[in-house]
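Notes follow the structure.
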Amino acid sequence: MTSSVDSYVTICSYDDLIPGRGVAALVDGRQIALFRLYDGSVYAVSNLDPFSGAYVLARGLVGTHQGTPTVASPMYKQRFDLRTGRCLDTDEVSITVYPVRVHDGQIEISVEAARNVA
Amino acid sequence: MKTLVLVGHGMVGHRLLERLVESDTADQWRIVVFAEEPRPAYDRVRLSSYFDGVTLDELRLGDDEFFTRHGITLRLGERVEAIDRSAQTVTSSAGETVAYDVLVLATGSYPFVPPLPHRDATGCFVYRTVEDILAIEEYAAGCRTGVVVGGGLLGLEAANALRILGLATQVVEFAPRLMPLQVDEGGGAILRRHIEQLGLTVHTSVRAEEVMVDEAGRVCGLRLADRDEPLTTDLVVFAAGVRPRDELARSAGLEVGPRGGIVVDDACRTSDPNIFAIGECALIGGRVYGLVGPGYSMADVVAAQLTGQTRQAFTGADTSTKLKLMGVDVASFGDALSQAEDALEVAYTDSVAGVYRKILVDTEGKLLGGILVGDASSYASLRAQLGTKPAQSPDQLVLPPSEGGTPAATGADLPDAATVCSCVNVSAGAIRAAVREQGCVDPAGVKRCTKAGSGCGSCVPLIKTLVDAELEAQGITPSKALCEHFEYSRAELFEIIQITGIRSFVELVSRYGQGEGCEVCKPTVASIFASLGSGHILDGEQAGLQDTNDYALANLQKDGSYSVVPRIPGGEITPDKLIVIGQVAKEFGLYTKITGGQRIDMFGARLEQLPLIWKRLVDAGFESGHAYGKAVRTVKSCVGNTWCRYGVQDSVGLAIALELRYRGLRAPHKLKFAVSGCARECAEARSKDVGVIATEKGWNLYVAGNGGFSPRHADLLASDLDTETLVRTIDRFLMYYIRTGDRLERTARWLERLDGGLDHVRDVIIHDSLGVAAELDAMMAAHVAGYQDEWRAVLEDPERLRRFVSFINAPGTPDPSIQFVPERDQIRPATEAERRSLPLMVVS
């Protein structure tokens, strides 16, 4: 892990990500779920599934719902908007979203600039 | 602020408190509770579950903070001894006097003990409170035999407790049958058989006459009237009914009934307008209710009045009951024991299977009540139809399906009151309303509106049936669309994929669908690809489509760890292989449990440990058991004619052959098989998707059975088949199901849904009415030829192995949230509280 000047942390190579799947990453003790979609876009959210309390969202299936990119928890199948963290099935629940970018073929995440819509 | 004094903190008293704090937004009441028992309210109805391992903590109602949070004073172990109605005060056993504006009596009942000599001897007990059962448990430790006086509901629960405590147990009932208040003679006889099979001795139509004691004054026997030989016993439990505790009310001059019970009006008010009585101590509408349901209704009526809501009245209560006693379902509903002249009864008895069903209808066919013993699966629906004329005729309602019966509604015709989602308690009516009034068109919408299906999820197919039926009733054709990305049903997609030969999801969705796909269509398409033999399920683009279990080739558990199940075909395993499983489990610290499918499940594996575990298993000759897939699981078997003196065929040999033939076959849902070596059916084949039962001449093939959420006995598809014909018939059955089944539709629901049902399936696969038999045969041949062990293939491929890491940027760090604690000499997942308090475990 190398820190860049602006709080972004390098996680892995973009090519390490399988299209349509997620991986888990550990940054400053936080568990983050990282996804690459078929269209090439990349999203990072908290790996914690708020419904089950288990750190498993990285293992959920991604897809789209009315154009919204989502991940469905592998535990009880609630879906979350990958852009905002909002749960599509229960209004009052949301998960943390982390800014993520691709830089020189590397995936970088900022945990400091994380936001939580709740 | 006014003061409310509540006397008694049992289930009904606690219910009153809960209702008050819920609606008492103005905080208008200061509440003082006196409880005679030394502990706060607990679930008395489930008291017996203590002997099944439920802890006293789990039985407790409410939590520690309930009282502090709501400013309620709870005085435990302090009885109210007197009421001064003119001063409006009560005086407690501690000498305390508290003034009240309103007094609520919820004093419950006391156990009735018949006036026998020595009924207070050491070794005599009653069965009502936690203190009672703890005393029984302690005393029983030095005993070998026990007698329960009373064969009603409570008596049988007490008898079961003694049985679990290891005592040779006898039950003495004065009436001519067990549970005389709930079941009739026929039901009582079936119940008795069940109970005697558990090793208990039952005496009916007998009266206990005297408790016999030894020189030390301890119980040593029970003498019965008109019997020469007394029963030898170390312990006696009296469970011969209860009586209302009305002595406090009586001494305060409140009106009580001639046979006990505090007289109240339909608002639960006693003869003193400032005093209410609720629950088992109240005599309401001329009767005393010994059930918690009516007690709760009374508590609700009082809470509503005390918080200024519209006046409610207690309008009588449903005394229907359904319970499981020693593993036996017993239910009675409506006027189950009606003696009315126009009550006509229809009953069905199967003493072999231990099933009794009776319903009572009036001359117009309206349902008056009924009794169910041994199988109460139709209880919810029958009870909901009380007072109406059911669609089925009375004989259809009681007969088993094999005799022309129509099982009570479990699908679209379910009554509104029937519970569909038992996790969140959502009724069929609420689901229909969500469709009608909130515009839900699919299970996902219903889940959002009602939370139905958000627990274990087993009711989701039933929700879909209800939603579709409701939409149809509104003239809307239910969409067969799999999801928003495909307009097609699973069966249609199967055809498309088979005909076009497309094996890429991206191509499929771009040509026949729209968007990127989702968690519904991706695994469905992945399953179809796999059923059609498309290489390893983790190859190339297929990897991205698999559900988490298939992706990890293991079963995700609640804490994010996985379980591992190697295949043990037919449940047959060598000592050497058993030892390997033991060694692997020990080495990786896994929890082991025998599964229902006759194999061994190892729990607590981390994602990154899976390849290491499987390396050991594969090296020892094991292969994937596909417990993680919507696929063929196990073929369970009895030991068969090789060893068993009743067996007529080699059930183990056939089970192994079938399991090896169909291993790895992916389907719309999981597939379970069983083979029994004779008609005794020890392998329980009729609860399976495919069940084979040996006959003198060959094999009988049963299909579309189901345990699980809506149990269904399998139907006989063909009889006396030779092995080759049997296998060919199963081949076709499976492939026809795989081609036409809906997503997550088990064979049982599929068969029920298919037009023409079993006859249609028989026509297609035996008489080849659609001309597809050869094609089905070829599909199965391709599957058998193309089988490979998924785990061996992963271990041989570094690219696939690369996915089994905890964190992509810290592959050496195990997931710190997965923590285990010891329990019964093995591990279990730490609870959230334990996780917080545990030091981080170092995992080597």
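Chains A and B, in that order, give the protein sequences. Each residue of the first sequence is one higher than the last, beginning at 28 in my numbering. Each residue of the second sequence is one higher than the last, beginning at 226 in my numbering. Just so you know, even glycine gets a beta-carbon here, dropped at the ideal spot from N, CA and C. Since the model is a prediction, treat every value here as computed from it, not as a measurement.
Can you pull the chain B neighbours of residue i, defined as C-beta to C-beta under 7 Å?
i                      : result
residue 38 of chain A  : 1033, 1034
residue 64 of chain A  : 741
residue 79 of chain A  : 783
residue 108 of chain A : Per Cβ cutoff of 7 Å: no residues; residue 108 of chain A is ~13 Å from chain B at best.
Taking buried to mean at least 16 other C-beta atoms within 10 Å of its own C-beta, is residue i buried or exposed?
i                      : result
residue 678 of chain B : buried
residue 412 of chain B : buried
residue 871 of chain B : exposed
residue 226 of chain B : exposed
residue 992 of chain B : exposed
residue 701 of chain B : exposed
residue 498 of chain B : exposed
residue 699 of chain B : exposed
residue 894 of chain B : buried
residue 613 of chain B : exposed
residue 31 of chain A  : Here residue 31 of chain A scores only 43 on pLDDT, less than 50, and its place in the model should not be relied on; the value that follows carries that caveat. Burial call: exposed.
residue 772 of chain B : buried
residue 736 of chain B : exposed
residue 29 of chain A  : For residue 29 of chain A, the predicted model reports a pLDDT of 44, less than 50, meaning its position is unreliable; a value from the coordinates is still stated below. Exposed: under 16 other Cβ atoms inside 10 Å.
So for residue i, helix, strand or coil by DSSP?
i                       : result
residue 309 of chain B  : strand
residue 402 of chain B  : coil
residue 827 of chain B  : strand
residue 507 of chain B  : strand
residue 39 of chain A   : strand
residue 1066 of chain B : Any answer about residue 1066 of chain B is weak, because its pLDDT of 48 lies below 50 and its placement is not dependable; what the coordinates show is given next. Residue 1066 of chain B falls in the coil class under three-state DSSP.
residue 674 of chain B  : helix
residue 780 of chain B  : strand
residue 30 of chain A   : Summary for residue 30 of chain A: the model assigns pLDDT 43, below 50, so the residue's position carries little reliability; its value from the coordinates is reported in the next sentence. Of the three classes helix, strand and coil, the one that applies to residue 30 of chain A here is strand, per DSSP.
residue 278 of chain B  : coil
residue 858 of chain B  : strand
residue 788 of chain B  : strand
residue 868 of chain B  : coil
residue 689 of chain B  : helix
residue 434 of chain B  : strand
residue 813 of chain B  : helix
residue 317 of chain B  : strand
residue 745 of chain B  : coil
residue 539 of chain B  : coil
Based on the DSSP secondary-structure assignment, which residues constitute the bridge partners of residue i?
i                       : result
residue 113 of chain A  : A:121
residue 498 of chain B  : Bridge partners of residue 498 of chain B: none, in fact.
residue 1051 of chain B : B:1048
residue 918 of chain B  : B:901, B:925
residue 940 of chain B  : B:928
residue 135 of chain A  : A:37, A:128
residue 467 of chain B  : B:336
residue 711 of chain B  : B:708, B:738
residue 575 of chain B  : B:580
residue 349 of chain B  : B:461
Interface residues of chain B around residue i at Cβ under 9 Å?
i                     : result
residue 86 of chain A : 773, 776, 777, 781, 785, 832
residue 91 of chain A : 709, 710, 740, 741, 742, 743
residue 42 of chain A : Under the 9 Å cutoff, chain B gives no residues; its nearest Cβ is about 12 Å from residue 42 of chain A.
For residue i, go through chain A and note every residue whose CB falls closer than 7 Å to its CB, in chain order.
i                      : result
residue 973 of chain B : Within chain A, no residue comes near residue 973 of chain B; the closest Cβ sits about 23 Å away, beyond 7 Å.
residue 747 of chain B : 88, 90
residue 769 of chain B : 45, 46, 47, 48
residue 672 of chain B : 116
In chain A, which residues lie less than 8 Å from residue i when you measure between Cβ atoms?
i                       : result
residue 1040 of chain B : 51, 58, 82
residue 731 of chain B  : 65
Starting from the beta carbon of residue i, find every residue of chain A whose beta carbon is closer than 9 Å, and list them in chain order.
i                       : result
residue 1057 of chain B : 80
Do three or more CB pairs link the segment 521 to 538 of chain B to the segment 232 to 242 of chain B at distances below 8 Å? yes
Between the segment 279 to 291 of chain B and the segment 262 to 270 of chain B, can you find at least three pairs of beta-carbon atoms closer than 8 Å? Inter-segment contact for the segment 262 to 270 of chain B and the segment 279 to 291 of chain B is present: three or more beta-carbon pairs are separated by less than 8 Å.
Decide if the segment 998 to 1006 of chain B is in contact with the segment 969 to 976 of chain B; the criterion is three or more beta carbon pairs, one per stretch, under 8 Å apart. Touching, no, given that fewer than three Cβ pairs across the two stretches are closer than 8 Å.
Would the segment 781 to 788 of chain B count as touching the segment 71 to 85 of chain A if we require 3 or more Cβ pairs under 8 Å? yes
Could you say if the segment 445 to 460 of chain B and the segment 368 to 375 of chain B meet the contact criterion of at least three C-beta pairs nearer than 8 Å? yes
Are there three or more Cβ pairs, one per stretch, closer than 8 Å when the segment 972 to 984 of chain B is compared with the segment 946 to 956 of chain B? no
Any contact between the segment 822 to 838 of chain B and the segment 796 to 809 of chain B? By contact I mean 3 or more CB pairs, one from each, below 8 Å. yes
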